[in-house]
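There are 2 protein chains.
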Amino acid sequence: MAVTMNDVARVAGVSLKTVSNVINNYEFIRPTTKQRVLDAIDELGYETNLTARSLRSGKTSMLGLVLADLSIPYYAELASDIMKVAWARGYRVLVEQSGNEPDHEKAALQGQFRTLTDGLLFIPLALDAEQIIAAAGKKPLVLLGEYVQDPRLDMVLIQNHRAAAAVTTHLLAGGRRRIAVVGAHDGDTTGSGGLRLEGYKAALADAGVEYDPALVVPCDWRRDGGADAIARLLDSGVEFDAVFGLNDALALGALHELLVRGKKVPQQVAVAGFDDIDEARFASPSLTTVAPGRAEIAERAVELLINRIESKTPAAKVQQPEAAFELRVRQSAP
Amino acid sequence: MAVTMNDVARVAGVSLKTVSNVINNYEFIRPTTKQRVLDAIDELGYETNLTARSLRSGKTSMLGLVLADLSIPYYAELASDIMKVAWARGYRVLVEQSGNEPDHEKAALQGQFRTLTDGLLFIPLALDAEQIIAAAGKKPLVLLGEYVQDPRLDMVLIQNHRAAAAVTTHLLAGGRRRIAVVGAHDGDTTGSGGLRLEGYKAALADAGVEYDPALVVPCDWRRDGGADAIARLLDSGVEFDAVFGLNDALALGALHELLVRGKKVPQQVAVAGFDDIDEARFASPSLTTVAPGRAEIAERAVELLINRIESKTPAAKVQQPEAAFELRVRQSAP
DNA sequence: CGCCCCATCTGCAACGATGTATGCCAACAG
DNA sequence: CTGTTGGCATACATCGTTGCAGATGGGGCG
Chain U
67 MAVTMNDVAR
77 VAGVSLKTVS
87 NVINNYEFIR
97 PTTKQRVLDA
107 IDELGYETNL
117 TARSLRSGKT
127 SMLGLVLADL
137 SIPYYAELAS
147 DIMKVAWARG
157 YRVLVEQSGN
167 EPDHEKAALQ
177 GQFRTLTDGL
187 LFIPLALDAE
197 QIIAAAGKKP
207 LVLLGEYVQD
217 PRLDMVLIQN
227 HRAAAAVTTH
237 LLAGGRRRIA
247 VVGAHDGDTT
257 GSGGLRLEGY
267 KAALADAGVE
277 YDPALVVPCD
287 WRRDGGADAI
297 ARLLDSGVEF
307 DAVFGLNDAL
317 ALGALHELLV
327 RGKKVPQQVA
337 VAGFDDIDEA
347 RFASPSLTTV
357 APGRAEIAER
367 AVELLINRIE
377 SKTPAAKVQQ
387 PEAAFELRVR
397 QSAP
Chain B
67 MAVTMNDVAR
77 VAGVSLKTVS
87 NVINNYEFIR
97 PTTKQRVLDA
107 IDELGYETNL
117 TARSLRSGKT
127 SMLGLVLADL
137 SIPYYAELAS
147 DIMKVAWARG
157 YRVLVEQSGN
167 EPDHEKAALQ
177 GQFRTLTDGL
187 LFIPLALDAE
197 QIIAAAGKKP
207 LVLLGEYVQD
217 PRLDMVLIQN
227 HRAAAAVTTH
237 LLAGGRRRIA
247 VVGAHDGDTT
257 GSGGLRLEGY
267 KAALADAGVE
277 YDPALVVPCD
287 WRRDGGADAI
297 ARLLDSGVEF
307 DAVFGLNDAL
317 ALGALHELLV
327 RGKKVPQQVA
337 VAGFDDIDEA
347 RFASPSLTTV
357 APGRAEIAER
367 AVELLINRIE
377 SKTPAAKVQQ
387 PEAAFELRVR
397 QSAP
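Chains as they are written, first to last, in the numbering used here: chain U, 67 to 400; chain B, 67 to 400.
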């Protein structure tokens, strides 16, 4: 049987409520009384029952975080940052893996899961804005990334368009003219893939280079997806002198496949990615990529969510802060 | 205000307890009554309050998972697996990052955090068995890995010794005789590092190759640690024709540094790691390593913990299942 | 000297669910 | 016609905590 406030109260010779007051740092307690209570707590090894506290107070001090899968480095690193920021603000994080499936995402938005958290950080991949709004309950919700964009939802934005343009411009500056894009469908304009593709196109246009749909190869945003895509591209005979992987994982998969096929990187083909995961720095050759401001995203998202949770007037205007990005030039595309 | 069972009961025209019975699939309920309740639930959008349920039932259906940091791929991948297994068994996972600090680890073992979980999965890095036993409360606890070994504690074992020996034997079979070990101190015999080092020594002895302490380089178990270590080793002038990184991250860091320094891998120096993280397969050259049976570890650990939690007689004998390992030969050490 | 104030402490009710004990009624046996 | 059985539903107490509304009692002030 666990030790309760009642036990502490009995040992300290005060009322249960006084114990509660000590624990919650109520102002008007005689120092001697306070000490007696603290001693009793120590003696009995009392631990506040957070479940009971939550029930009574209506707050769980937990944030939900829904993402596709922790085995994907970008999400893992982001989750790590988010947990640290949340921890510093007195919140824990309950992670839910959606596996990129609409049903899971919907379940995470609605389900009982929500009753365990005060608010939700959500990286949507499968649902669109309408579905999210329809499924979301009344608790605070902050979206991450830019897969979904909608003026009605709080979210932290990544500068997909501008950052992708910056990468492309860098590749063009290196003299590349046939830049393959791996990870999008020709014609995509929404979602992270579409927005990054648009940035790529804009940079090409700026430089007066013609856009060739044959250079756009769709694939899963994973290492093996990138490898497959490059294999297909090479087999198809389309010429290219650079690869822009729409995230680092697939850029690294592409890089791997290029090397396997005997291409020299960056001499014959330059490679660039997006995300700046830790691994990018240690790839061989190291990967040129763009850092979307992960730490800042984590910081802003948690802060925004906690402000919503703790605000007395949650009806404030929708907020959509934007994280700063930074190009990281490395060996794969100097 | 949230919808409660009371509201549902009022709308359905039954007692609160009947609603509870419907939700918990109590056997003897007239189908018509049940339907009325379910309709009311639907109409009101009722969600069971898990906090209240936990308080009353004393179970939270959450498992704690304490690890160093999610940004380390091995932990992230393991966490992902654990969450999937736990989810399938009806449990959620609350992750806590210890940052490899003793105080954090201790706090995670004791703190209020424990009141939120039914049991704990713990990957100890900083605490030893005594400290763990002293700090652990009464709730079920299962350790992962082999940093700590003790007959009094439930844990899932990794075959550090045998797996490390297998890697070493493989390198020896490839004709290497000067195999540097990165990530341990000469003389370590405990913890993952020590056990793997012992396996390395045993394999050398089996092959009749002399052990040279100068080849053992300590470093942090991260990419940059491995890179630093190799830099130091090269600068020191010690000759070596292979590197055994005691985990993949540092093996990849080492690989990176070798390539930067112009060494040909595997022609001049072979490289092998330990963990088989996803990244190993896509490194260039791809990394030879040993898979410690991550999926099996996750499976066994969760199962063991849940059995302890749900068992009526938790005093059963200490269990220490061992996961099977597998050597994965790739380009870096063919 | 009496009254009010305020620091300090207390008791009760409630958060939303579940376990236990029990009530009620129909059907059936004796 | 009474007693028993068993399906079905209910009331009440309870989990451990916090919010609210007092209760207490010593000191300052008129």
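Think of the CB as a built atom: it goes at the ideal place given N, C-alpha and C, for glycine as much as any other residue.
Pairing U/F94 with U/S123, the inter-Cα distance amounts to about 21 Å. Under the 8 Å criterion on CB atoms, U/R158 is classed as interfacial with respect to chain B. Between the stretch 274-281 of chain U and the stretch 238-247 of chain U there are three or more inter-stretch CB-CB distances shorter than 8 Å, so the stretches are counted as touching. Closer than 8 Å to the CB of B/N115 there is at least one CB belonging to chain U. DSSP places B/R122 within a helical segment (H, G or I) once states are collapsed to three. Residue contact with chain U for B/E109: absent (no Cβ-Cβ distance below 8 Å to any residue of chain U). Residue environment: B/N90 is assigned as exposed (fewer than 16 neighbouring CB atoms within 10 Å of its CB, all protein chains considered). Interface residue (Cβ-Cβ distance to chain U less than 8 Å): B/R289 is classified as such.
Under the three-state reduction of DSSP output, U/E365 falls in the helix class. Residue pairing of U/G311 in beta bridges, as defined by DSSP: U/V248. A Cβ-Cβ separation of about 6 Å places U/G259 in contact with U/L312 under the 8 Å criterion. Note on U/R218: under 16 other CB atoms within 10 angstroms of its CB, so exposed under the neighbour-count rule. Take B/H170, set aside five residues on each side of it, and the residues of its chain with a beta-carbon closer than 7 Å to its own are S164, in chain order. The C-beta of B/H322 comes closer than 8 Å to at least one C-beta of chain U. In this chain, U/F188 is not harboured by any alpha helix (DSSP H); it is covered by the beta strand (DSSP E) spanning G185 to F188. Rounded to whole angstroms, the gap between the alpha carbons of B/I189 and B/E167 is 12 Å.
Residues of chain B with a Cβ closer than 9 Å to the Cβ of U/P97 do not exist, since the nearest Cβ in that chain sits about 24 Å away. Within a 10 Å sphere around the beta-carbon of U/Y140 sit 16 or more other beta-carbons, which makes this residue buried. At a cut-off of 8 Å between beta carbons, B/E345 contacts chain U. Collapsing the DSSP output to three states places B/A349 in coil. By the beta-carbon neighbour count (other beta carbons within 10 angstroms, threshold 16), U/D342 is buried.
Listed in chain order, the non-local C-beta contacts of U/L133 below 6 Å within the same chain comprise Y141 and I189, local neighbours out to five positions each way being set aside. Note that the C-beta distance between U/L321 and U/V304 is not below 8 Å.
Per DSSP, U/A357 lies in no alpha helix (DSSP H) segment; the continuous beta strand (DSSP E) that holds it begins and ends at T355 to A357. Nearest to B/V335 by C-alpha distance, out of B/R155, B/R228, B/A200 and B/L353, is B/L353. B/L144 has its alpha-carbon roughly 15 Å from the corresponding atom of B/V356.
In this structure, B/Q385 is the residue among B/F391, B/R396 and B/Q385 with its C-alpha nearest to the C-alpha of B/V208. Put simply, the CB of B/A308 is far from chain U, with every gap to its CB atoms at 8 Å or more. Contact of B/P139 with chain U is assigned, a C-beta pair being separated by under 8 Å. Residues of chain B whose Cβ lies closer than 9 Å to the Cβ of U/S164 do not exist; the shortest such Cβ separation is about 11 Å. In this structure, the straight-line span from the alpha carbon of B/Y213 to that of B/I296 is close to 24 Å. The Cβ-Cβ distance between U/L299 and U/V283 falls below 8 Å. Comparing alpha carbon positions, the residue from B/R289, B/S127, B/D220 and B/V85 closest to B/L116 is B/S127.
Under the three-state reduction of DSSP output, B/L104 falls in the helix class. Cβ proximity to chain B below 7 Å picks out L121, T126, D135, L136, S137, P139, A142, E143, A145 and S146 from the stretch 121-148 of chain U.
Here B/G111 is not near B/I375, since their CB atoms are 8 Å or more apart.
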